[in-house]
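Since the structure comes first, as structure tokens, the remarks are kept for the end.
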Amino acid sequence: MKIRLTGPPAEVDTAAARIASVVTVLETSRPYPRRGNSALVSLYLDVTLDAPAEGAPTDPTGDTRR
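Just so you know, the sequence shown maps onto residues 133 to 198 in my numbering.
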């Protein structure tokens, strides 16, 4: 899966780190400045979703009740 993050550099770095805590990041681009006189950057992530471990709850809250 490919994800593009666009925003101020510090926020993009924070968002990329948070995303990396829940998916496997295969590749991260360098931050690309946005066109024109923008203070924003774009960062591209290639990620993969890990399969849940056998027997692990699939509900992100951990609630196994149905």
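Note that the Cβ used here is the ideal one computed from N, Cα and C, for glycine as well.
*Considering only residues of the same chain and omitting the five flanking positions on each side of tyrosine 176, which have a CB-CB separation below 6 Å?*
Translated into positions along the sequence shown, residue 176 becomes position 44. Closer than 6 Å at Cβ, skipping near neighbours: Arg136, Ser161.
_Minimum C-alpha distance to proline 141 - residue among Ala152, Ala171, Val179_ = As a first step, residue 141 is located in the sequence shown; it is residue number 9 there, counting from the start. Of Ala152, Ala171, Val179, the residue nearest in Cα terms is Ala171.
*If you count every other CB in all the chains shown that lies within 10 Å of the CB of valine 173, and 16 or more means buried, which is it?*
Translated into the one-based positions of the sequence shown, residue 173 becomes position 41. Counting Cβ neighbours within 10 Å, valine 173 comes out buried, since at least 16 surround it.
*Tell me whether arginine 198 is buried or exposed, calling it buried when 16 or more other Cβ atoms sit within 10 Å of its Cβ.*
The residue you call residue 198 lines up with position 66 of the sequence shown. Model confidence at arginine 198 stands at a pLDDT of 45, short of 50, so the residue's coordinates are unreliable and nothing is read from them.
*Which class does valine 154 belong to by DSSP, given the choice of helix, strand or coil?*
Along the sequence shown, read from residue 1 onward, the residue named residue 154 stands at position 22. The three-state secondary structure of valine 154, taken from DSSP, is coil.
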